[in-house]
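**Student:** The structure under discussion is supplied below as structure tokens; questions concerning it will follow.
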Amino acid sequence: MIRTTHALQVAGLAGAVALVLTACSSSSDDAGSGSTSTGGGSGDGSPLIVGTLLPQTGTLAYLGPPEVAGVNLAVQEINEAGGVLGSDVEVVHADSSDADHGEVATQSVTDLLSQDVQVIIGAASSSVTFNVVDDITGSEVVQISPANTATGLSGYSDYYFRTAPPDTVQGAALGNLITGDGKANVGILVFNDDYGTSLRDVVKTTVEDAGATVVYGNPGEEFDPAASSFATDVTALMATNPDAIVILAFEQTKQIIPELVAAGVDPSTIYMVDGNTADYSADFEPGTLEGAQGTIPGAFPSDDFQARLKEVDPNLTDYAYGPESYDATILAALAAVKGGGTDGPTIQANLAAVSGADGGEECTTFADCVTMIDDGDDIHYVGQAGIGPFNEDNDPSSAFIGVYQYGADNKNVWVKAVEGSVD
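In terms of the working numbering, the sequence shown opens at residue 279 and continues consecutively.
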């Protein structure tokens with residue numbers, strides 16, 4: 279899944295549906311002219327059209343702004359460097375909504391495919407991806423999610439990639455954080471969703487391997503994400519006397535936290551994840567979450583990258599998964615350049631190579647990477663998200679997980695990052 283910290287950012291996306299954006303291009307014909315092919319694809323020389331399938335409506339609408347900004351920034355910088363194979367890249371934005379409104383993503387995919395996109399960035403939600411991945415990859419269109427973490431998507435299709443690590447990395451980091459804090463009896467409030475149960479399974483294995491016990495939230499003890507109240511679930515959890523409470527949920531967290539507070543829970547014993555490590559300063563009384571911790575996959579974006587994203591979307595106040603969206607777009611463009619074509623099969627055949635799976639010399643910008651490709655060099659694109667090259671399952675081979683802690687203002691602050699490899 280994904281995480282951003284403001285539910286009000288969606289306003290900036292209202293006009294983005296089906297918007298085709300072509301950024302200003304430089305006059306140079308040199309950058310983006312690479313034609314070295316590694317095989318695969320038909321060498322289609324038409325302009326690269328990137329589609330996005332990111333949340334603009336529904337309960338996940340607050341998740342989209344940094345991701346959309348990341349894609350738009352990448353397209354802008356690619357075109358300023360000369361585009362892909364001599365043509366500007368275009369981007370078509372479409373809404374993924376959420377898993378409870380599956381028809382939205384289905385229609386969006388149909389629309390994107392009708393506009394001949396060769397790559398789709400998204401979805402944000404693993405559950406949404408499971409609903410549409412067959413339609414996308416079955417059309418030989420590359421899908422790159424900047425935020426999916428469900429373990430069931432590893433190796434799902436040759437045409438499915440992601441720039442966020444599977445839950446094996448975040449789950450292990452969270453489990454180690456909990457046991458490292460000396461907790462021995464872990465209660466998990468987990469919703470019955472592919473994202474939640476996948477992450478729960480990894481956390482459970484990690485804490486149990488360290489000698490702790492999952493006293494609540496085992497298989498069969500999930501809650502209904504569409505429920506109107508979670509008081510019964512909190513009561514059942516508290517009856518097991520946990521000394522650490524993990525909340526694996528999305529917007530339901532805003533209802534769960536008050537129930538935990540009413541039950542006398544010390545906020546410093548609460549742990550959250552990317553789906554709900556949000557800014558709750560407008561939702562709860564000061565001090566409600568003081569000391570609580572959460573994890574979000576991805577390296578913390580540099581000040582320079584944050585500034586570049588804000589030039590694209592001045593309303594941004596959070597940047598989670600913006601780097602992953604940016605890198606996904608850059609990687610797709612580099613794969614097209616390396617393969618000498620913008621069709622899906624060519625991009626698919628070259629994505630792993632430009633990510634550094636075959637070794638190669640490191641490069642950090644689209645322009646520099648293209649220069650190296652034109653010189654006949656193998657490249658290893660080192661992007662903003664800090665992930666390792668794609669492995670045989672099209673997952674990043676390594677990734678950083680950020681650890682955040684809440685202050686008295688109920689806002690999360692980055693504390694540190696831990697790096698983990700993908701099994």
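Every residue gets a Cβ at the ideal spot worked out from N, C-alpha and C, and that includes glycine.
Distance, Cα to Cα, residue 589 vs residue 657?
**Tutor:** In a straight line, the C-alpha of residue 589 is about 29 Å away from that of residue 657.
**Student:** Does the Cβ-Cβ distance between residue 356 and residue 611 come in under 7 Å?
**Tutor:** yes
**Student:** Where does residue 563 sit, in a helix, a strand or coil, going by DSSP?
**Tutor:** coil
**Student:** Name the DSSP beta bridge partners of residue 373, please?
**Tutor:** 332
**Student:** Contact check, residue 706 vs residue 441 under 8 Å by CB: the rounded distance?
**Tutor:** Residue 706 lies beyond the range of the chain shown here (279 to 701); nothing can be said about it.
**Student:** According to DSSP, what are the bridge partners of residue 548?
**Tutor:** Per DSSP, the beta-bridge partners of residue 548 are 523.
**Student:** What span of residues does the alpha helix (DSSP H) with residue 458 cover, start to end?
**Tutor:** 445-458
**Student:** Which residues bound the alpha helix (DSSP H) around residue 482?
**Tutor:** Unbroken alpha helix (DSSP H) run through residue 482: 472-487.
**Student:** Would residue 401 be called buried (16 or more neighbouring beta carbons within 10 Å of its own) or exposed?
**Tutor:** buried
**Student:** So the beta strand (DSSP E) residue 463 belongs to, where does it begin and stop?
**Tutor:** 463-468
**Student:** What is the DSSP secondary structure of residue 614, counted as helix, strand or coil?
**Tutor:** Reduced to three states, the DSSP call for residue 614 is helix.
**Student:** Near residue 691, which residues of its chain fall below 8 Å by C-beta distance, leaving aside the five closest residues on each side in sequence?
**Tutor:** Excluding positions up to five away in sequence, the list reads 682, 683, 684 and 685.
**Student:** Under three-state DSSP, which class holds residue 395?
**Tutor:** Coil.
**Student:** My understanding is that residue 416 touches residue 372, with C-beta atoms under 8 Å, so please give their C-beta distance in whole angstroms.
**Tutor:** Incorrect: roughly 18 Å between the Cβ atoms, too far for contact.
**Student:** If I follow the unbroken beta strand (DSSP E) through residue 424, where does it start and stop?
**Tutor:** Counting along the chain, residue 424 falls outside any beta strand (DSSP E), and DSSP gives it neither H nor E.
**Student:** Nearest to residue 535 by CA position, among 662, 517, 554 and 520, is which residue?
**Tutor:** 554
**Student:** Can you give me the Cβ contacts of residue 452 inside the same chain, cut-off strictly under 6 Å, excluding the 5 residues immediately before and after it?
**Tutor:** 481 and 573
**Student:** Thinking just about the alpha-carbon of each residue, which of 370, 648 and 587 is nearest to the one in residue 389?
**Tutor:** 370
**Student:** So what's residue 509 in DSSP terms, helix, strand or just coil?
**Tutor:** helix
**Student:** Could you check what DSSP says for residue 299 in three-state terms: helix, strand or coil?
**Tutor:** Low per-residue confidence applies at residue 299: pLDDT is 39, beneath 50, and the placement is therefore not dependable enough to give any value.
**Student:** Around the C-beta of residue 395, are 16 or more other C-beta atoms found within 10 angstroms, so that it is buried, or is it exposed?
**Tutor:** That one is buried.
**Student:** Would residue 628 be called buried (16 or more neighbouring beta carbons within 10 Å of its own) or exposed?
**Tutor:** By the Cβ neighbour-count rule, residue 628 is buried, with 16 or more other Cβ atoms within 10 Å of its own.
**Student:** List the endpoints of the continuous alpha helix (DSSP H) containing residue 588.
**Tutor:** Residue 588 -> alpha helix (DSSP H) spans 581-590.
**Student:** In chain order, what residues of the same chain have a beta carbon less than 6 Å from the beta carbon of residue 522, not counting five sequence neighbours either side?
**Tutor:** 456, 461, 464 and 547
**Student:** Contact check, residue 477 vs residue 445 under 8 Å by CB: the rounded distance?
**Tutor:** 5 Å
**Student:** Tell me whether the beta-carbon of residue 407 lies closer than 7 Å to the beta-carbon of residue 450.
**Tutor:** Not closer than 7 Å, so no.
**Student:** Going by DSSP, what residue range makes up the beta strand (DSSP E) through residue 678?
**Tutor:** 676-684
**Student:** Does any heavy atom of the ligand ADP sit closer than 6 Å to the C-beta of residue 462?
**Tutor:** Looking at this structure, you won't find the ligand ADP or any other ligand, since it has none at all.
**Student:** What span of residues does the alpha helix (DSSP H) with residue 572 cover, start to end?
**Tutor:** No alpha helix (DSSP H) contains residue 572, which is instead part of the beta strand (DSSP E) from 571-575.
**Student:** Are there 16 or more other CB atoms within 10 angstroms of the CB of residue 631, so buried, or fewer, so exposed?
**Tutor:** buried
**Student:** Whose C-beta lies closer than 7 Å to the C-beta of residue 475 among residues of the same chain, with five residues either side of it excluded?
**Tutor:** 468 and 500
**Student:** Can you list, in chain order, the residues of its chain with a C-beta nearer than 6 Å to that of residue 680? Leave out the 5 residues immediately preceding and following it.
**Tutor:** 574, 578, 692 and 695
**Student:** Given this structure, state the Cα-to-Cα distance separating residue 520 from residue 479, to the nearest angstrom.
**Tutor:** 18 Å
**Student:** On the three-pair Cβ rule with 8 Å, is the segment 639-651 touching the segment 664-680?
**Tutor:** no
**Student:** Would residue 486 and residue 622 be called neighbours here (beta carbons separated by less than 7 Å)?
**Tutor:** no
**Student:** Would you kindly report the start and end of the unbroken alpha helix (DSSP H) that includes residue 348?
**Tutor:** Its alpha helix (DSSP H) spans residues 343-358.
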